[in-house]
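Positions 1 to 453 (the UniProt record's numbering) are the ones given, in order, by the sequence shown. One structure below.
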Amino acid sequence: EPGEEGGNKAVMVWIHGGGFSGGSGSTEIYGPDFLIEEDIVLVTINYRCGALGFLSLENNKLPGNLGLKDQILALQWVQDNITNFGGDPNNVTIFGESAGGASVHYHLLSPLSKGLFHKAILQSGTTLCQWAFQPKPRDKALLLARELGCDSQDSDTILEFLMGVPAIDLVKAEDMVVLRTEKEIIQKSGRLFTPCVERNGSHPFLTDYPRKLMDRGEFHKVPIIMGINDKEGILSLTRGAVHCDQVNSDLSLMVPVNLAITPDRNEESRLGKEILQFYINSESLTWDTVPQYLDLLTDVGFAIAQENSRQYFLKHQTCPVFNYQFTYCSPRALSSFMLRKGTPNKAAQFTGLGASHGDELIHLFKTNMPELPFTPPTEDDQIFMRKLLKAWTVFAKTGNPNFEGLASSWEPDDINNPCYLEMGAIWQCVKGVSFTERMTFWEKIYEKYSYLY
């Protein structure tokens, strides 16, 4: 049916998360019920993940980023066909969370994505997140081939061998390689197969390191919403990935993998000790200091990259950037559900500590799956949902998320007058930068050592 004012409706294309290693755009997970009530056309997509989507031999036969090129095909399909569904191909917003948010950012950087969308929403994910980019993709491809029984260093031989391996065996071998690279996994979910620079190939999706492209201002200038949740690190608790003994026995695990520190065990341990001391005011992690440790995981996994990306966007952007911090806690949220299950048993005590990675999703999508069955929104949830759904869809329609009924005006961010919208039980515009003291701490560390990528 035509939109509220006649003509075709604004289109929103959802890109799911999952660390580029899994996930699905299934309506079981991302039910359209809430969003389509706001008079938009919603498209959810799938793309190849893991080795099947991001294996690269850094040559013209397998340059990488197949999963992102799948997304390109979906966006091209929208351009060609969405009018048949009442959508406007000239008013397309791409939005995603986690690896989906990083994917949205990649499309902002890619020459192949030009003209396929007109607005962007990045939820808890940018290309600068250390888990969202693979600087040495060929090395990871060799690890996978070796796991499957091919010890060759020749790219053609490896490719021919891998093409003869059943897909399910590729996936299983990838899981085994992940288990063998335990340190990367502990360090905030290091991933093997993620987007990379395409050094060869006729139609590269990504032509340079994301940080370099951002620094040069080489990205599509469209209106942007971007933000993170205040306790993203709770994700590690829900996965059972917080181990005090492991941290205390190897403080080098505190050092981000994209920090250009000389591979020196003593120096890494010294810096790890400094980092842990800053966050928990102690050199030893205990369950009493886990809440502060979760801030460290939040920053290393998400907030540092968010702040870096924000600065690059504002330095070069010609369209508005609306920044947010999501703080709303709901008993229906994914983290609440997982923490109550007790993974580990001590985790349940942290329910309600803050908004974890992905906690905003139940307010945008109707989720109904065995591990997270649908429960009706509380009265407070309904009030919050109405605001979030309205802000996202009004932005998709107009490029500005402000609407009548939004208690606090959501001002565009500015490099000289920074501000963000705090999305809690009450929405309020806050002057300044999210986690200022923590970001200043990391700025000094990266100034000393610089970024690997």
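Note that the Cβ used here is the ideal one computed from N, Cα and C, for glycine as well. In this text, all values refer to a predicted model and were calculated from it rather than measured experimentally.
Collapsed DSSP secondary structure at residue i in the structure displayed
| i | result |
| --- | --- |
| Pro-320 | coil |
| Ala-10 | strand |
| Tyr-209 | coil |
| Gly-53 | helix |
| residue 457 | It is not possible to answer for residue 457, since the shown part of the chain is limited to 1 through 453. |
| Cys-196 | coil |
| Gln-134 | coil |
| Val-178 | helix |
| Ile-225 | strand |
| Tyr-420 | strand |
| Gln-325 | strand |
| Val-15 | Val is not the amino acid found at residue 15; the sequence shown has Ile there. Ile-15 falls in the strand class under three-state DSSP. |
| Leu-294 | helix |
| Leu-364 | coil |
| Leu-235 | helix |
| Leu-259 | strand |
| Ile-185 | Low local confidence applies: a pLDDT of 46 at Ile-185 is under 50, so the model's placement there is unreliable, with the coordinate-based value given in what follows. Of the three classes helix, strand and coil, the one that applies to Ile-185 here is helix, per DSSP. |
| Leu-406 | coil |
Residue i burial status per 10 Å Cβ neighbour count (16 or more: buried)
| i | result |
| --- | --- |
| Asp-413 | buried |
| Gln-123 | buried |
| His-105 | buried |
| Ser-56 | buried |
| His-203 | exposed |
| Gly-67 | buried |
| Glu-198 | buried |
| Asn-81 | exposed |
| Leu-235 | buried |
| Asp-245 | exposed |
| Trp-442 | buried |
| Met-176 | exposed |
| Asn-281 | exposed |
| Asp-151 | exposed |
| Leu-276 | buried |
| Arg-138 | buried |
Opening and closing residue of the beta strand (DSSP E) in which residue i lies
| i | result |
| --- | --- |
| Glu-28 | Run containing Glu-28: none; DSSP gives neither H nor E here. |
| Asp-88 | 87-97 |
| Thr-44 | 41-44 |
Alpha helix (DSSP H) segment containing residue i, residue limits
| i | result |
| --- | --- |
| Tyr-446 | 436-449 |
| Phe-350 | No alpha helix (DSSP H) holds Phe-350; DSSP gives it neither H nor E. |
| Gln-123 | Careful: Gln-123 lies outside any alpha helix (DSSP H), inside the beta strand (DSSP E) at 119-123. |
| Glu-268 | 265-280 |
| Val-78 | 66-81 |
| Trp-392 | 379-398 |
| Glu-160 | 155-163 |
| Ile-415 | Note, Ile-415: premise wrong, no alpha helix (DSSP H); not H, not E. |
| Ser-249 | 244-249 |
| Asp-33 | 33-36 |
Whole-angstrom distance between residue j and residue i, CA atom to CA atom
| i | j | result |
| --- | --- | --- |
| Gly-227 | Asp-156 | 42 Å |
| Gly-22 | Cys-49 | 5 Å |
| Gln-311 | Gly-100 | 21 Å |
| Val-300 | Glu-447 | 15 Å |
| Glu-58 | His-220 | 25 Å |
| Tyr-279 | Gln-292 | 6 Å |
| Asp-88 | Ala-396 | 11 Å |
| Val-171 | Ser-24 | 16 Å |
| Ser-249 | Lys-61 | 43 Å |
| Thr-207 | Phe-350 | 42 Å |
| Ala-51 | Glu-411 | 41 Å |
| Pro-111 | Phe-205 | 7 Å |
| Asn-417 | Asp-169 | 53 Å |
| Leu-35 | Thr-44 | 12 Å |
| Ser-335 | Leu-108 | 30 Å |
| His-357 | Gly-64 | 27 Å |
| Lys-119 | Asp-264 | 44 Å |
| Trp-427 | Leu-388 | 10 Å |
| Val-222 | Phe-95 | 13 Å |
| Gln-79 | Leu-251 | 50 Å |
| Gln-153 | Leu-159 | 11 Å |
| Val-165 | Leu-144 | 11 Å |
| Gly-405 | Tyr-324 | 18 Å |
Chain C within 9 Å of residue i, Cβ atoms only
| i | result |
| --- | --- |
| Leu-62 | No chain C is present in this structure, which holds just one protein chain. |
Of the listed residues the options, nearest to residue i (C-alpha basis)
| i | options | result |
| --- | --- | --- |
| Pro-32 | Asn-46, Val-222, Met-12 | Met-12 |
| Asp-230 | Leu-162, Phe-193, Leu-297, Asn-60 | Leu-297 |
| Val-247 | Val-222, Ile-234, Leu-285, Glu-422 | Leu-285 |
| Ser-98 | Gly-18, Gly-53, Leu-192 | Gly-18 |
| Thr-440 | Gln-76, His-363, Asn-308 | Asn-308 |
| Gly-424 | Asn-266, Glu-360, Leu-364 | Glu-360 |
| Glu-371 | Ile-40, Ile-29, Pro-137 | Ile-29 |
| Glu-422 | Glu-404, Ile-415, Phe-384 | Phe-384 |
| Ile-224 | Ser-252, Pro-135, Gln-317, Gly-86 | Gln-317 |
| Gly-354 | Gln-130, Tyr-451, Cys-329, Val-178 | Cys-329 |
| Gln-76 | Ser-113, Tyr-47, Gly-53, Leu-42 | Ser-113 |
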